[in-house]
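Peer 1: Below are the structure tokens for one structure; questions will follow.
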Amino acid sequence: MTIRLWDVQAGREIYKLKGHSSAVTQAHFSPDGHAIVTSSLDTTIRMWDVKSRRELQKFQGHSSGVTAVQFSPDGRTIVSCSSDKTIRLWDVTSGKELKSFDGHSHMLKDVQFSPDGSTILFCSNNKTLHICDAATGREIQKLEGQINNLAETHFSPDGRTIVTCLNDTTIQIWDLVSKREIQKFEGHSDQVRGIKFSPNGRTIVSCSNDKTIRIWDVKTERKVETLGHSNHVTGVQFSPDGWTIASCSDDRTIRIWDAISGSEIKKLQGHSQQVKRIQFSSNGQSILSCSDDKTIRLWDVTTGKEVKRFEGHSSGVTAIHFSPDNSSIVSCSNVKTMRLWDVASGRELQKFKGHSDIVTLAYFSSDGRTILSCSWDKTIRLWDVSSGKEIQRFEGHSNIVSAAQFSPDCRTIASGSWDETIILWDVQSGKILKK
Numbered sequence: 001m002t003i004r005l006w007d008v009q010a011g012r013e014i015y016k017l018k019g020h021s022s023a024v025t026q027a028h029f030s031p032d033g034h035a036i037v038t039s040s041l042d043t044t045i046r047m048w049d050v051k052s053r054r055e056l057q058k059f060q061g062h063s064s065g066v067t068a069v070q071f072s073p074d075g076r077t078i079v080s081c082s083s084d085k086t087i088r089l090w091d092v093t094s095g096k097e098l099k100s101f102d103g104h105s106h107m108l109k110d111v112q113f114s115p116d117g118s119t120i121l122f123c124s125n126n127k128t129l130h131i132c133d134a135a136t137g138r139e140i141q142k143l144e145g146q147i148n149n150l151a152e153t154h155f156s157p158d159g160r161t162i163v164t165c166l167n168d169t170t171i172q173i174w175d176l177v178s179k180r181e182i183q184k185f186e187g188h189s190d191q192v193r194g195i196k197f198s199p200n201g202r203t204i205v206s207c208s209n210d211k212t213i214r215i216w217d218v219k220t221e222r223k224v225e226t227l228g229h230s231n232h233v234t235g236v237q238f239s240p241d242g243w244t245i246a247s248c249s250d251d252r253t254i255r256i257w258d259a260i261s262g263s264e265i266k267k268l269q270g271h272s273q274q275v276k277r278i279q280f281s282s283n284g285q286s287i288l289s290c291s292d293d294k295t296i297r298l299w300d301v302t303t304g305k306e307v308k309r310f311e312g313h314s315s316g317v318t319a320i321h322f323s324p325d326n327s328s329i330v331s332c333s334n335v336k337t338m339r340l341w342d343v344a345s346g347r348e349l350q351k352f353k354g355h356s357d358i359v360t361l362a363y364f365s366s367d368g369r370t371i372l373s374c375s376w377d378k379t380i381r382l383w384d385v386s387s388g389k390e391i392q393r394f395e396g397h398s399n400i401v402s403a404a405q406f407s408p409d410c411r412t413i414a415s416g417s418w419d420e421t422i423i424l425w426d427v428q429s430g431k432i433l434k435k
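In terms of full-length UniProt numbering, the sequence shown is numbered consecutively and its last residue is 435.
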């Protein structure tokens with residue numbers, strides 16, 4: 001039920017934010033780093049001020065746990081998803097719901113904005129990908145085919161194609177103009193856990209339970225390299241410049257690879273349990289990781305050495321996110337709170353409380369002033385980074401909110417939930433734009 005803020009440089013917990021009454025599912029900084037938004041299974045989303053630790057807004061409307069929440073790039077809107085089967089868009093300033101997207105008959109697996117923020121992509125268990133207008137919620141395209149058990153989706157950097165991975169061994173690329181599958185990548189021998197486009201869109205990296213990472217050439221569909229861990233690979237990311245790849249695994253290690261040659265550059269060791277998530281800093285010089293061992297660790301990419309360790313969570317850390325300027329970190333675990341940490345001192349700055357259940361994800365807004373969170377409590381919440389207060393609460397989903405994302409301009413939020421709905425929210429008013 002708490003959020004912790006950590007100082008990246010010192011590795012110390014700065015402060016805790018308390019307010020949610022159930023597990024916090026996500027926590028994110030606003031784009032300017034001044035606020036944090038969190039989501040929780042208590043059905044609410046809360047926004048906190050980082051400096052004052054005060055709750056700025058409480059977003060209410062979801063009827064079940066909020067699983068995911070995110071700021072729009074401009075920090076004006078929050079998107080949330082919940083197990084109440086809805087996605088909602090919230091206005092950050094007023095806390096009002098802008099839009100709610102519902103009516104789906106199958107569970108929604110993922111939701112995200114296109115690179116320009118004009119459209120939203122979501123997928124469900126009925127083997128279909130949907131693309132809708134972010135402003136009106138009108139369905140623009142429907143991609144149908146062999147996409148059962150969709151695990152992850154991503155737009156290409158130019159927004160012209162979508163890459164998907166299934167809960168099997170298949171990776172697909174879809175053309176948004178023709179609405180057809182144009183490429184299929186096969187080679188993994190077990191479930192694909194994650195996929196990412198390179199910054200230039202020319203290659204794709206994938207990771208799998210088959211203990212491998214694979215790099216694919218988008219144009220030729222040829223597998224360029226196969227890289228390996230000694231256990232399931234849980235996450236993979238390109239560095240901002242696209243020259244290196246970082247991966248994390250159940251083998252308790254993080255590995256850095258040369259994206260061109262496929263050679264292993266560094267092996268980062270220190271976690272005592274499975275590594276859940278990793279993130280590059282915006283300058284590519286550091287990697288942040290979180291683990292079931294209840295710690296967050298900061299690593300130097302060049303030396304491979306652990307720089308800081310952030311301790312304070314009472315259970316495994318499930319999600320982490322750098323503020324835009326890399327000065328702060330927001331984290332959440334299998335409890336109802338999020339924490340904000342100062343990178344320089346390692347101190348906990350804030351603890352965000354308000355969600356009534358597990359927080360699934362938390363993100364900073366693009367200006368870093370607010371944090372978006374989503375939770376099992378069916379809500380998405382927006383938090384002020386300075387005060388730690390909940391600014392807005394987006395309620396409308398009837399089940400766990402599992403994913404949420406800001407539009408590039410941060411004016412709208414798209415959220416997805418176990419209630420099989422996607423909701424678009426207006427950040428300014430907090431109202432549902434489309435459900």
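C-beta atoms are modelled at their ideal positions from N, C-alpha and C, and glycine is treated no differently. It should be emphasised that the depicted structure is a prediction, and the values quoted were computed from it without experimental measurement.
(1) Can you give the Cα-Cα distance for Arg347 and Val50, rounded to whole angstroms?
(2) Smallest Cα separation from Ser282: which of Ser314, Ser323, Lys305, Ile254?
(3) Starting from Ile391, trace the beta strand (DSSP E) in both directions and tell me its first and last residue.
(4) For a test of the three-state rule: what should DSSP assign to Asn399, helix, strand or coil?
(5) How would you label Trp90, buried or exposed, when you count the other beta carbons within 10 angstroms and need 16 or more for buried?
(6) Would you call the stretch 302 to 321 and the stretch 15 to 32 in contact, with 3 or more CB pairs under 8 angstroms?
(7) Would you tell me roughly how many angstroms separate the C-alpha atoms of Glu306 and His271, rounded to the nearest one?
(8) Please determine, among Val401, Arg53, Gln57, Met338, the residue with the shortest C-alpha to C-alpha distance to Gln428.
(9) Got a sec? Which residues, its chain only, sit under 6 angstroms from Asp367 by beta carbon, not counting five neighbours each side?
(10) Note the first and the last residue of the continuous beta strand (DSSP E) segment covering Ser373.
(11) Contact defined as beta carbons within less than 8 angstroms: I believe Lys378 pairs with His62. What is the distance between those atoms, to the nearest angstrom?
(12) Does the separation of the CB atoms of Gly312 and Ile278 fall below 8 angstroms?
(13) Indicate the three-state DSSP secondary structure (helix, strand or coil) for Lys96 in the structure shown.
(14) From Lys351 to Thr67, what does the alpha carbon distance come to, in whole angstroms?
(15) Who are the near neighbours of Ser386 in its chain, counting only those whose CB is closer than 6 angstroms to its CB and skipping five residues on each side?
(16) When burial is assigned at 16 or more other CB atoms within 10 Å of the CB, is Ile432 buried or exposed?
(17) Secondary structure at residue 466, three-state DSSP: helix, strand or coil?
(18) Quick check: is any heavy atom of the ligand ZN less than 7 angstroms from the C-beta of Gln273?
(19) From the DSSP output, read off the bridge partner residues of Leu339.
(20) Apply the 10 Å Cβ neighbour rule to Thr295 and answer buried if 16 or more other Cβ atoms are within range, or exposed otherwise.
(21) Measure from the alpha carbon of Trp243 to the alpha carbon of each residue in Thr203, Leu268, Gly228, then state which is nearest.
Peer 2: In brief:
(1) 13 angstroms
(2) Ser323
(3) 387 to 395
(4) strand
(5) buried
(6) Taking a contact to require three or more Cβ pairs closer than 8 angstroms, the stretch 302 to 321 and the stretch 15 to 32 qualify as touching.
(7) 10 angstroms
(8) Gln57
(9) Cβ within range, chain order: Ser30, Pro31, Asp32, Gly75.
(10) Per DSSP, Ser373 belongs to the beta strand (DSSP E) from 370 to 375.
(11) 4 angstroms
(12) no
(13) coil
(14) 19 angstroms
(15) Within the same chain, and ignoring the five residues on either side of Ser386 in sequence, the residues whose Cβ sits closer than 6 angstroms to its Cβ are His34, Asp49, Val50, Lys51, Ser52.
(16) buried
(17) Past the boundaries of the shown model lies residue 466; the chain is included only from 1 to 435, so the question cannot be answered.
(18) This structure lacks the ligand ZN; in fact it carries no ligand of any kind.
(19) In the sequence under discussion, the amino acid at residue 339 is Arg, which differs from the Leu named in the question. DSSP, once it has assigned bridges, lists Lys16, Lys351 as partnering Arg339.
(20) buried
(21) It is Thr203 whose Cα lies nearest to the Cα of Trp243.
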